[in-house]
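FYI, in our numbering the residues of the sequence shown are 21 to 253.
In this text, a Cβ means the ideal position worked out from N, Cα and C, and glycines have one as well.
Note that the coordinates shown come from a computational prediction; the quantities given were computed from them, not determined experimentally.
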Amino acid sequence: MSDDAVPELRASDADRERVADVLRDALAEGRLDMAEFEERLDAAYRARTYGDLTPLTRDLPASGAPAVSMTKETEPAGSWAGRIVDGEGTSAWGVAVLSGFQRRGRWTVPRRFNCFAFCGGGEIDLREANFADREVVINCVAIMGGLQVVVPPGVEVVVRGVGVMGGFDQRETGVPGEPGAPRVVVTGFAFWGGVGVERKLPRSEKRRLKEERRRELEEERRRELEEGRREER
Numbered sequence: 021m022s023d024d025a026v027p028e029l030r031a032s033d034a035d036r037e038r039v040a041d042v043l044r045d046a047l048a049e050g051r052l053d054m055a056e057f058e059e060r061l062d063a064a065y066r067a068r069t070y071g072d073l074t075p076l077t078r079d080l081p082a083s084g085a086p087a088v089s090m091t092k093e094t095e096p097a098g099s100w101a102g103r104i105v106d107g108e109g110t111s112a113w114g115v116a117v118l119s120g121f122q123r124r125g126r127w128t129v130p131r132r133f134n135c136f137a138f139c140g141g142g143e144i145d146l147r148e149a150n151f152a153d154r155e156v157v158i159n160c161v162a163i164m165g166g167l168q169v170v171v172p173p174g175v176e177v178v179v180r181g182v183g184v185m186g187g188f189d190q191r192e193t194g195v196p197g198e199p200g201a202p203r204v205v206v207t208g209f210a211f212w213g214g215v216g217v218e219r220k221l222p223r224s225e226k227r228r229l230k231e232e233r234r235r236e237l238e239e240e241r242r243r244e245l246e247e248g249r250r251e252e253r
């Protein structure tokens with residue numbers, strides 16, 4: 021890709037937030053006054069391309085590094101590579117008989133994870149998990165019970181289970197995976213029971229989005245107050 025094409029690359033939320041952090045530092049150091057800060061911050065959150073973002077920090081230091089990288093890295097592939105590990109899984113079984121079980125948080129999914137629910141339920145949450153291989157199989161047997169598989173965005177899901185007076189959730193089948201992401205195959209058997217498959221953001225990402233939204237609301241309220249003071253004058 022030519023240098024001339026770089027400014028036309030679409031900016032991500034992470035790019036906008038990096039620029040916002042540089043602007044906040046500049047305000048705290050006295051390099052920008054409040055009016056300049058507000059104007060640039062508003063432009064940063066409205067920016068669509070690198071070309072929109074770059075001028076906002078061009079005259080500001082950014083800890084020895086540019087605020088916005090001019091090379092689009094394949095971040096998903098890199099992050100997924102760190103989560104696909106060799107070796108055995110943390111847990112290979114989950115059983116719920118008139119009870120329940122959970123596998124969630126930081127754990128390593130084995131190449132094949134078997135789970136069984138009879139008049140009970142279980143949750144297999146892969147959002148924060150590592151993977152023993154690029155393809156893992158979650159084998160689910162639900163008899164008058166339910167099992168729930170939770171995957172993060174970017175993971176490819178293939179559902180191959182069979183249901184008799186029960187069923188397997190097929191909604192996530194066919195959604196393309198990100199480069200380097202693992203493939204999760206959900207298989208097994210459901211009789212008078214069900215196996216659900218849903219895609220959710222990791223908790224850390226939910227917290228980040230919530231904090232970002234909180235900051236946006238605070239900025240909006242502050243701008244409204246400033247506008248109100250100007251009108252009073």
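Rounded straight-line distance, which links the Cα of residue j to that of residue i
{"i": "P199", "j": "G174", "result": "8 Å"}
{"i": "V179", "j": "G120", "result": "22 Å"}
{"i": "D45", "j": "V105", "result": "38 Å"}
{"i": "F151", "j": "R36", "result": "31 Å"}
{"i": "T74", "j": "A63", "result": "11 Å"}
{"i": "R51", "j": "E58", "result": "13 Å"}
{"i": "G15", "j": "L80", "result": "No answer is possible for residue 15: the residues shown for the chain start at 21 and end at 253."}
{"i": "L43", "j": "R60", "result": "8 Å"}
{"i": "G98", "j": "R123", "result": "Residue placement at G98 is poorly supported in this model, since its pLDDT is 47, which falls under 50; the coordinates are not used for a value here."}
{"i": "R66", "j": "R203", "result": "35 Å"}
{"i": "E247", "j": "E240", "result": "11 Å"}
For residue i, the three-state DSSP class (helix, strand or coil)
{"i": "R30", "result": "strand"}
{"i": "A101", "result": "helix"}
{"i": "T207", "result": "strand"}
{"i": "G142", "result": "strand"}
{"i": "R250", "result": "helix"}
{"i": "T77", "result": "helix"}
{"i": "A137", "result": "strand"}
{"i": "R123", "result": "strand"}
{"i": "R36", "result": "helix"}
is_contact[residue i, chain D] using C-beta, thresh 8 Å
{"i": "E231", "result": "As a matter of chain content, chain D is missing from the structure shown, which is built from one protein chain."}
For residue i, the nearest candidate out of the options (CA to CA)
{"i": "E218", "options": "G208, V169, A64 and A46", "result": "V169"}
{"i": "C135", "options": "R147, G186 and S111", "result": "S111"}
{"i": "I163", "options": "G71, W100, L118 and R51", "result": "L118"}
{"i": "I144", "options": "L29, D41, E251 and G216", "result": "G216"}
{"i": "C139", "options": "W212, G248 and P222", "result": "W212"}
{"i": "G183", "options": "G214, R38, R126 and G107", "result": "G214"}
{"i": "G102", "options": "A149, F209 and A210", "result": "A149"}
{"i": "G141", "options": "R242, E49, P222 and A210", "result": "A210"}
{"i": "P172", "options": "R131, E192, G125 and K220", "result": "K220"}
{"i": "G208", "options": "G166, R234 and R191", "result": "G166"}
{"i": "P196", "options": "R234, M185 and V177", "result": "V177"}
Residue i: CB within 7 Å of a non-hydrogen atom of the ligand SAH
{"i": "G107", "result": "Absent from the structure shown: the ligand SAH. Ligands present: none."}
For residue j and residue i, believed in contact at Cβ under 8 Å, the rounded distance
{"i": "F188", "j": "G181", "result": "4 Å"}
{"i": "I158", "j": "V206", "result": "5 Å"}
{"i": "F30", "j": "T69", "result": "Looking at the sequence shown, residue 30 is not Phe but Arg. Indeed they touch by this definition, with Cβ atoms about 6 Å apart."}
{"i": "L146", "j": "V129", "result": "6 Å"}
{"i": "D153", "j": "R131", "result": "5 Å"}
What residue ranges within the stretch 145-216 form continuous beta strand (DSSP E) runs of no fewer than 3 residues, ordered along the chain?
Listed in chain order, the beta strand (DSSP E) runs fully inside the stretch 145-216 are 155-163, 166-171, 176-179, 182-184 and 203-211, counting runs of at least 3 residues.
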